[in-house]
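Report on one structure; see the data block that follows.
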Amino acid sequence: MDIIIRNARVLTMDDEDTQYDRADVLISDGLIVGIGPDIAKGVDTTGARVVDGEGKLVMPGLINAHFHSPVNFLKGALVDAPLELYMLYEVPPLQAESVDGEYAYTRTMLGAVELLKQGVTSLHDDCFFVPVPTEKEISAVMQAYTDSGIRANVTLCQVNVKEYDKYPFLEELLPQDILDEMDAAPRMTTDELVSTYEQFIDRWHKTGDDRIRCSVSCSAPQRVTPDYLCALDSLSRQHDIPYKMHILETKLQRVLGEEKFGGSIIQYVHKQGVLSERAVVIHSVWVDDEDIAVMADSGCSVLHNPISNLKIGSGVMPFRRLKDAGINIGLGIDEVPVDDGCNLWTVGKMAGLIHKIADPDYERWPDEHEVLHMMTRGGAQTMRLHKEVGMLAEGFKADLLLVDLDTLPFTPLHNLKRSLVFCEQGSSIRMTIVNGQIVVEDGKILTVDEVALKARVREYASDIGDQLAEMKLSADRLAPYYQTMYRMAAERDVGMNRWAGPMKP
Ligand SMILES: [Zn+2]
């Protein structure tokens, strides 16, 4: 036996919602091998770490099922603006140079450490590369996840169409000199991207004791060519890995679908044959009932990012309609600057609150069990890991947390699940175990020197400030055209409203 946790309260999140007031958890070779009252009695403790669980809760590790690590350094750095403007200041469409390996490693590690310390044991990173992925940057990201101890599933979230082709109206609005610059920006061909993916999967998939996995992403269907959209589906099928796609995050994307694809982008991807049980529709805010029916039929999952949707004013995802259709939903931070934090507990709390302003029928609001399910098993399913992580059961991977119940968020403790969703914010985590390894204990990350890591990040900070100032100059030049485009889309009647306010400005 490697780890024996004795006499803890246990929340398994299994199908029967099994909970124990007092039980032992046995961990061996990275797996949970036993859960139940008094089962540690008589077990040989030689070489095992015995953990006193008195006054603690053992629960499944949280799953941040949507994240973009390349902006991990931008906490609190970006203004609130609608997605289409916000992205100009975040991912400059005219940036020409890749970052170096050490920068990418440090940036990735910073996010992994913050997540692990708050009890996130798995993350899905839709990792984009500006302007294009390089072997150096990909390796740095994957090595950081390997070294951190977190369970990571990573994509190369790359676009391959011209910037103005991703939006409605923009080609007509932009002056010729800017169109020319966008034409000249580096883009990889479908063959180059597929070959990069093949090397990526070959090198990294199921490495690091199977903690590290690869999946595919088109970023968004309108941001790639149809042949690349379909090539990614083939890779996803071949390796049985998730296929991530941002769809109908904003009203402008609903309008884009009408302008470019003659209808909803969900219907477009369905017609392309890429909406499957491996597909993960990120956001799904401006979907209609016909979209939801097609999504439910396909068996795809949805990724809910409520703080991101609030920060950049995207609207409120139709949670209950998706749920009623039987669609699996996971939760994500989305990214550091669009959350201004890196905390899945606050995302869970927001998921428990936001739907109340979108539906007067209080019996349709998400309850605490549904929120916890999204934070654990729902997220696991989006990563195609639901038979391995997300709940506590014999044979599942030992990804779990020890939560101190002798803390203020749990004092007094009336309803465990409500306290986890609405009171806890990550400060009560005493131990994070991933793949049977103790990665965080008593507030300390054990896999990396956090003091040195933070010092290195601070050294980068002044450069980042300069880069942001430079990015702002280029973004300010483009912003007036994007503002006009945004207003044109916002004013259109698209037959639904996902804002709590009026349908039009
Ligand atoms: Zn995203």
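Here the sequence shown stands for residues 528 to 1032, numbered as in the working numbering.
Note that CB positions come from ideal geometry on N, CA and C, so glycine has one too.
Predicted model only: the values in this text are computed from it and were never measured.
Top-ranked residue by Cα proximity to phenylalanine 536, from Val975, Asp542 and Leu940 = For clarity, residue 536 is arginine in the given sequence; the question names phenylalanine instead. Considering only alpha carbons, the answer is Leu940.
Would the segment 898-908 and the segment 752-761 be scored as touching if the rule is three or more Cβ pairs under 8 Å?
-> no
Comparing alpha-carbon positions, which option in Pro564, Lys914 and Ala806 lies nearest alanine 747?
-> Ala806
Can you list the residues near ligand 1, meaning Cβ strictly closer than 6 Å to any non-hydrogen atom, in the order they appear in the chain?
-> His593, His595, Asp653, His773, Ile809 and Asp861
Given phenylalanine 594 as reference, the closest of Glu968, Asp861, Met1030 and Lys924 once Cα atoms are compared | Asp861
Are three or more beta carbon pairs between the segment 601-610 and the segment 851-869 nearer than 8 Å?
-> Output reads yes: the segment 851-869 touches the segment 601-610.
Limits of the unbroken alpha helix (DSSP H) element including methionine 822 | 816-825
What are the start and end residues of the alpha helix (DSSP H) that includes histidine 896?
-> 895-900
Look at the Cβ atom of tyrosine 632, then the Cβ atom of alanine 667, and state whether they are nearer than 7 Å.
-> Yes.
Span separating the alpha-carbon of alanine 979 from that of glycine 574 = 31 Å
In or out: glutamine 765 buried (at least 16 other Cβ within 10 Å) or exposed?
-> exposed
Just grab the DSSP bridge partners of phenylalanine 594 for me.
-> Asp652 and Asp861
Where does alanine 1027 sit, in a helix, a strand or coil, going by DSSP?
-> Here alanine 1027 sits in coil by DSSP.
Of the choices Asp565, Leu642 and Gly790, whose alpha-carbon is the least far from that of aspartate 579?
-> Asp565
In the structure shown, what three-state DSSP assignment does isoleucine 559 receive?
-> strand
Exposure of asparagine 591, with buried meaning 16 or more beta-carbon neighbours within 10 Å | buried
Could you check which residue in Leu650, Gly906 and Phe788 has the C-alpha nearest to that of arginine 740?
-> Leu650
In chain order, which continuous runs of the alpha helix (DSSP H) of length 4 or greater are located wholly inside the segment 567-618?
-> Listed in chain order, the complete alpha helix (DSSP H) runs (minimum 4 residues) inside the segment 567-618 are 610-617.
Rounded Cβ spacing between glutamate 1018 and proline 1032 (contact assumed at less than 8 Å) = 7 Å
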